[in-house]
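Taking it in order: structure first as structure tokens, then the write-up.
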Amino acid sequence: MLCKVVPRQQKALAAVELIRQTTTDLIRKCKEMVDEEEMAAATATAAQGGEYMNASDPSVLRFLIAAREEVDSTQLRDDLLSMLVAGHETTGSALTWALYLLAQNPDCMAKAQAEVDAVLANRDAPGLAEYGQLRYVTRCVCESLRLYPHPPVLLRRALMADELPGGYPVVKGQDVMISVYNIHHSEAVWDEPERFNPERFAMDGPVPNEQNTDYRYVPFSGGPRKCVGDQFALMEAVSALSVMLRRFDFALARPGEKIKMTTGATIHTQDGLYMNIKKRAVAPAARAPAAART
């Protein structure tokens, strides 16, 4: 009730409603465009035996509509906001901590930059094919998410009475908090949990997730309530980190300084993270002639 009379809360509610209405309008317009284009291309698509996808506009919204044909607009709106709004701050924080950890571990930084140079060759940024080859950089991001998970705590509400391992009773409707940070830093499930070691995840193995680590690694949660944008977020972070490592060298501006943390939806630096950044001494390979580009 107070949220409807407190001015600050009224302003927040109005902002939320504006975001929801704008997103709903975008979904409606995009659905109309997709329906029109599908009708026009139905014969050609059927003849090719493929599925509809507008390659000229591969937006997140089009992807969600194509992937969730039977889902209503409200669910699409919530999924879109989860991927875009929730993914903005989390990806930024993930990149902050990844660079912080790499700067503290120069050997890892050099190895990541060497991989980026070799994989990207004449490209400015990775495409889908290059992304799959950035195995060490991907594991650097995964390891940073282990040490600094976003969010650091998960919240679940019990649908029925239950009992947790250890004999802890849970009543129906009770909120249960799961500390991802503590799981990821536990000596019971990780060797040298405080050490930044990207290669703890096998280079020739799958990208770590909750299933192939027996739920020791849950930066995106798991089960039916798992983050809807986990693969999008990982690809975004790896791509952005690759571009930065290709162009610049990073070093801590105040080596040895203890970085204070504060937590919320993500783990932030309390007083900022200052770094010295300079253009790399060894420039990336020269661009290929325009006629030779694919």
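For the sequence shown, position 15 (counting from the first letter as 1) is numbered 15 according to UniProt numbering, and the numbering increases by one without interruption.
Positions of the beta carbon are idealized from the N, C-alpha and C atoms, including for glycine.
Note that the coordinates shown come from a computational prediction; the quantities given were computed from them, not determined experimentally.
Distance between GLY173 and GLY166 (C-alpha atoms, nearest Å):
Residue mapping note: residue 166 aligns to position 166 of the sequence shown, counting from 1. Residue mapping note: residue 173 aligns to position 173 of the sequence shown, counting from 1. Each residue's Cα considered, the two are about 20 Å apart.
Report the residue from THR263, ALA237, VAL137, MET160 whose alpha carbon sits nearest the alpha carbon of VAL180.
Position 180 of the sequence shown, counting from 1, holds the residue named residue 180. The residue with the shortest Cα to Cα distance from VAL180 is THR263.
Decide yes or no for the touch test of the segment 88 to 98 against the segment 236 to 250: beta carbon pairs closer than 8 Å, at least 3 of them.
yes
Inspect the CB distances between the segment 124 to 133 and the segment 223 to 240 and report whether three or more fall short of 8 Å.
The answer is yes - the segment 223 to 240 touches the segment 124 to 133, with three or more Cβ pairs under 8 Å.
Is the segment 106 to 124 touching the segment 134 to 149, taking contact as three or more C-beta pairs under 8 Å?
yes
Determine, for GLN211, whether the minimum Cβ-Cβ distance to residues of chain B falls below 8 Å.
Among the chains of the structure shown, chain B does not appear; only one protein chain is present.
Name the DSSP beta bridge partners of TYR168, please?
Within the sequence shown, residue 168 is the residue found at index 168, counting from 1. According to DSSP, TYR168 bridges with LEU164.
Which whole runs of the beta strand (DSSP E) in the segment 122 to 166 are 3 residues long or more, in chain order?
153 to 157, 162 to 164
Can you tell me whether LEU159 is buried or exposed, with buried defined as 16 or more other CB within 10 angstroms of its CB?
On the sequence shown, position 159 is the one that residue 159 refers to. Classification of LEU159: exposed, given that the 10 Å Cβ count is below 16.
How should VAL6 be labelled, buried or exposed, when 16 other C-beta atoms within 10 angstroms of its C-beta is the threshold for buried?
As a working mapping, residue 6 is identified with position 6 in the sequence shown. Exposed, because fewer than 16 other Cβ atoms sit within 10 Å of the Cβ of VAL6.
Inter-stretch contact (C-beta, 8 Å, three-pair minimum) for the segment 223 to 232 and the segment 185 to 192
Under the three-pair Cβ rule at 8 Å, the segment 223 to 232 does not count as touching the segment 185 to 192.
Helix or strand or just coil, what does DSSP make of ALA12?
Along the sequence shown, one-based indexing puts residue 12 at 12. Note: ALA12 maps to helix in three-state DSSP.
Identify which residue in GLN21, ARG225, ASP271 has its Cα closest to the Cα of ARG157.
Position 157 of the sequence shown, counting from 1, holds the residue named residue 157. When only C-alpha atoms are compared, the closest one is ARG225.
Comparing alpha-carbon positions, which option in PRO152, ARG146, GLU257, MET261 lies nearest GLU194?
Taking the sequence shown and counting its residues from 1, one reaches residue 194 at position 194. Closest by C-alpha distance to GLU194, out of PRO152, ARG146, GLU257, MET261, is ARG146.
Rounded to whole angstroms, how far is the Cβ of LEU81 from the Cβ of THR24, which I believe are closer than 8 Å?
Stepping through the sequence shown from its first residue, residue 81 is reached at position 81. Stepping through the sequence shown from its first residue, residue 24 is reached at position 24. Rounded, the Cβ-Cβ distance is 10 Å, inconsistent with contact.
In this structure, how does DSSP classify ASN212 when only helix, strand and coil are distinguished?
Residue numbering aside, residue 212 sits at position 212 when the sequence shown is read from its first letter. DSSP, reduced to helix, strand and coil, places ASN212 outside both helices and strands of the structure shown, so it counts as coil.
Between which two residues does the alpha helix (DSSP H) carrying ILE183 extend?
Translated into the one-based positions of the sequence shown, residue 183 becomes position 183. Note, ILE183: alpha helix (DSSP H), 180 to 184.
Which class does PHE232 belong to by DSSP, given the choice of helix, strand or coil?
Reading the sequence shown from its first residue, position 232 is the one you call residue 232. The answer is helix: DSSP assigns PHE232 an H, G or I state.
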